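Q: Handing you this structure, nothing more for now.
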Amino acid sequence: MRARTHILFSVLCLLFYVDYVEVKHILLFSFLLFFAALFPDIDEAGSAIGKKTKPFSNIINIICGHRGVFHSLLLPSAAALTLLFFQQTEAAVAVFIGYVSHLVMDMITPAGIYLFYPFRWKIRGPIPVNSFFEKMLFWTFIVIISIKLLVLYSAFV
72 MRARTHILFS
82 VLCLLFYVDY
92 VEVKHILLFS
102 FLLFFAALFP
112 DIDEAGSAIG
122 KKTKPFSNII
132 NIICGHRGVF
142 HSLLLPSAAA
152 LTLLFFQQTE
162 AAVAVFIGYV
172 SHLVMDMITP
182 AGIYLFYPFR
192 WKIRGPIPVN
202 SFFEKMLFWT
212 FIVIISIKLL
222 VLYSAFV
């Protein structure tokens, strides 16, 4: 999926999460969630985050390849557990939700991901990157986010 689709899906995840859980530091929580939603593509030099982190992203791509360890549950789990060890629960949740939102979106592409890397069981779906169907998903997310924000706003009026 493209970066904009990952960001919109992470916004949607954020909006649904804050419906049920009070977040004390919403700006930091949001930043961490959005950063984590883009982070897995650091293993691809041509991605939005990869372009900003060259030559680091090139090195990661050479060592790990694209959609390998960075597109599995290993890194978000390790990051979340590390943050929990330091009693940073909100940060752990934000990073985990953002990262997993990226994985979910990449799971529905034909390229798929190895969610349980290093095990070579690939999860894949039918929606090609930058296709008509991804664009429809993008606009669907915009509509749902708009509705959620209108409902949220109307609660304050």
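Numbering-wise, the sequence shown is residues 72 to 228 according to the working numbering. Just so you know, even glycine gets a beta-carbon here, dropped at the ideal spot from N, CA and C. As the structure is a computational prediction, the values presented were derived from the model and not from experiment.
1. If I'm right that S143 touches F187 with Cβ under 8 Å, what's the distance once you round it to whole angstroms?
2. Ordered along the chain, which non-local residues of its own chain (more than five positions away) have a Cβ less than 6 Å from that of Y170?
3. Give me the DSSP bridge partner(s) of I184.
4. May I have the straight-line CA-CA distance separating A163 from I97, to the nearest angstrom?
5. Evaluate V214 with the Cβ neighbour count: other Cβ atoms within 10 Å of its Cβ, from every protein chain shown; 16 or more gives buried, anything less gives exposed.
6. Just the C-alpha distance for P197 and V175, rounded to the nearest angstrom, thanks.
7. Cα-Cα, which of N129, F157 and V200 is closest to A182?
8. Are the beta-carbon atoms of R138 and I184 separated by less than 8 Å?
9. Out of I133, N129 and S101, state which residue places its alpha-carbon closest to the alpha-carbon of F167.
10. Going by C-alpha to C-alpha distance, which of D114, L145, F141 and K123 sits closest to N132?
11. I'd like the span of the alpha helix (DSSP H) that includes V222, first residue to last.
12. By the three-class DSSP mapping on this structure, what secondary structure does G136 have?
A: Inspection of the coordinates gives the following:
1. Along the sequence shown, read from residue 1 onward, the residue named residue 143 stands at position 72. Along the sequence shown, read from residue 1 onward, the residue named residue 187 stands at position 116. That pair is a contact at about 7 Å.
2. On the sequence shown, residue 170 is found 99 positions in, with the first residue counted as 1. Closer than 6 Å at the Cβ level, and outside the excluded window around Y170, lie A107 and P147.
3. Mapped onto the sequence shown, residue 184 falls at position 113. Paired residues: I194.
4. Locating residue 163 in the sequence shown gives position 92, counting from the first residue. Locating residue 97 in the sequence shown gives position 26, counting from the first residue. If I take the Cα positions, the gap works out to 13 Å.
5. Position 143 of the sequence shown, counted from the first residue, corresponds to residue 214. Exposed, since its Cβ has fewer than 16 Cβ neighbours within 10 Å.
6. As a position in the sequence shown, residue 197 is number 126, starting the count at 1. As a position in the sequence shown, residue 175 is number 104, starting the count at 1. Cα to Cα, P197 sits roughly 13 Å from V175.
7. Position 111 of the sequence shown, counted from the start, is the residue given in the question as residue 182. The residue with the shortest Cα to Cα distance from A182 is V200.
8. Reading the sequence shown from its first residue, position 67 is the one you call residue 138. Reading the sequence shown from its first residue, position 113 is the one you call residue 184. Yes; because the gap between Cβ atoms is below 8 Å, this pair is in contact.
9. By 1-based counting over the sequence shown, the position of residue 167 is 96. Among I133, N129 and S101, the Cα nearest to that of F167 belongs to S101.
10. Position 61 of the sequence shown, counted from the start, is the residue given in the question as residue 132. It is D114 whose Cα lies nearest to the Cα of N132.
11. The residue you call residue 222 lines up with position 151 of the sequence shown. F203 to F227 is the span of the alpha helix (DSSP H), which, as asked, contains V222.
12. Counted from its first residue, the sequence shown places residue 136 at position 65. Residue state, collapsed to three classes: coil.
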